[in-house]
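Take the sequence shown: its letter number 11 is residue 18 in the numbering used here, and every next letter is one higher. Note that beta-carbon positions come from the ideal geometry of N, C-alpha and C, so glycine has one too. For reference, the structure discussed in these notes is given below.
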Amino acid sequence: MKKRADRVKEPEMLAEYDFSNGVRGKYADRFKGVRNDVVVLAPDVAEVFQDSKSVNEALRVISRIAGKQAKKSAA
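What follows is the structure, given as structure tokens:
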């Protein structure tokens, strides 16, 4: 048997918000091509790196090494 919901769900938006004149996607063009990727580092990793520049530099070095290793194993 399914349990009955005892509580009435409250509406997510208040009634006084009026979106009748709203335009969908009015500002969407401003954000085309803009990327806001966020990568969250584990606390122990974040202690090692001072800023995003140092993280990117370390990842570039690792990717170069990994690329060289992949080429050697393919040969």
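**OP:** Report yes or no: is there a C-beta of chain D within less than 7 Å of the C-beta of Ala-35?
**Re:** Annotation note: the requested chain D is absent from the structure, which comprises a single protein chain.
**OP:** Measure the alpha-carbon distance for Phe-56 versus Ala-73 and round it to whole angstroms.
**Re:** Cα-Cα distance, rounded: 21 Å.
Original post:
For Ala-49, which of Lys-33, Leu-21 and Val-62 has the nearest alpha-carbon?
Top reply: Closest by alpha carbon: Val-62.
**OP:** Taking only the alpha-carbon atoms, compute the straight-line gap between Glu-23 and Arg-37 and give it to the nearest angstrom.
**Re:** One C-alpha to the other measures close to 29 Å.
Subject >> Length-filtered (4 minimum) alpha helix (DSSP H) runs lying within the region 43–80 >> reply: Annotation note: the region 43–80 contains the following uninterrupted alpha helix (DSSP H) runs of length 4 or greater, listed N- to C-terminal: 50–55.
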